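Worksheet: the structure to be examined is printed underneath.
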Ligand SMILES: CC(=O)[C@@H](O)[C@H](O)COP(=O)(O)O
Ligand SMILES: NCC(=O)COP(=O)(O)O
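Numbering (this note's numbering), first residue to last: 1194 to 1444.
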């Protein structure tokens, strides 16, 4: 895994290809194939591929998980809800990484982080089942010290900070969110947890997040897939990677 301490440490890009499947599901066609997108993203600079198998199967389908893992273009990070069904799927499929996320069927997108503090026993049990199957587990949480304290007690090795509030905020509210995320990343890193971030990141807002030295991985999907409509997926992945790396090296 990545170096942790140096301010010049590299930063990995996980490309989320869910929204290639969103387009396919809108018409029930076999195209565009998210697995093909994963292969293109991996050969264009993605360090890993993220997919979110939602309980309502609105985009990624079970066969996508199977096919993606069989082709193994890059390590797969499977995002999923903390349910027995999902944990059983992951234990069978054995992706390299699982990120446990909250889910509400009515939401348009993931609205907040997992409430680890409020569901500690359930989250800990899921983490332990997944770790026993050889899967590296992350929890997708808000930059909230109470959630960090609970996450530490689960023994999870990785955390992904939900950057949605940062992405949605403007002006001084965004600066405050950034400060909160940086403080959280420092505290999590100090506790020996590897720190990732993602949600709502774009070419316009990624730089300040990429400059937080404790954050070693960003998972980005919607904006890359949207940008790919205009410039193509290889270019969209490459320009995001460039923006992240330039920001990191400029600090
Ligand atoms: C957990 C997360 O932040 C992403 O995987 C996101 O949820 C994917 O997009 P949708 O929320 O639209 O499913
Ligand atoms: N975990 C965040 C993710 O995978 C991508 O989120 P988004 O860039 O699609 O908002």
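Cβ coordinates follow ideal geometry from the N, Cα and C atoms, glycine included.
Owing to the predicted nature of the structure, the values given are computational and were not obtained by experimental measurement.
Taking 7 Å as the cut-off, is the C-beta of residue i nearer than that to any heavy atom in ligand 1?
| i | result |
| --- | --- |
| residue 1377 | no |
| residue 1302 | yes |
| residue 1248 | no |
| residue 1391 | yes |
| residue 1299 | no |
| residue 1252 | yes |
Work out the CA separation of residue j and residue i for me, nearest whole Å.
| i | j | result |
| --- | --- | --- |
| residue 1273 | residue 1396 | 26 Å |
| residue 1345 | residue 1352 | 10 Å |
| residue 1228 | residue 1405 | 31 Å |
| residue 1324 | residue 1219 | 35 Å |
| residue 1196 | residue 1202 | Residue placement at residue 1196 is poorly supported in this model, since its pLDDT is 38, which falls under 50; the coordinates are not used for a value here. |
| residue 1433 | residue 1379 | 24 Å |
| residue 1428 | residue 1347 | 39 Å |
| residue 1332 | residue 1424 | 33 Å |
| residue 1364 | residue 1419 | 24 Å |
| residue 1311 | residue 1275 | 13 Å |
Is residue i near ligand 2, going by C-beta to nearest heavy atom under 7 Å?
| i | result |
| --- | --- |
| residue 1209 | yes |
| residue 1243 | yes |
| residue 1333 | yes |
| residue 1387 | no |
| residue 1412 | yes |
| residue 1306 | no |
| residue 1371 | no |
| residue 1323 | no |
Are the beta-carbon atoms belonging to residue i and residue j less than 8 Å from one another?
| i | j | result |
| --- | --- | --- |
| residue 1160 | residue 1436 | Residue 1160 lies beyond the range of the chain shown here (1194 to 1444); nothing can be said about it. |
| residue 1245 | residue 1305 | no |
| residue 1280 | residue 1271 | no |
| residue 1213 | residue 1223 | no |
| residue 1237 | residue 1426 | yes |
| residue 1316 | residue 1293 | yes |
| residue 1252 | residue 1215 | yes |
| residue 1389 | residue 1360 | no |
| residue 1291 | residue 1242 | no |
Give the DSSP bridge partners of residue i, in chain order.
| i | result |
| --- | --- |
| residue 1351 | 1331, 1387 |
| residue 1245 | 1272 |
Would you call the region 1231-1244 and the region 1259-1268 touching, i.e. three or more CB-CB distances under 8 Å? The region 1231-1244 is in contact with the region 1259-1268.
Check whether the region 1363-1375 and the region 1410-1420 are in contact - that is, three or more C-beta pairs closer than 8 Å. Contact annotation: the region 1363-1375 does not touch the region 1410-1420, with fewer than three C-beta pairs closer than 8 Å.
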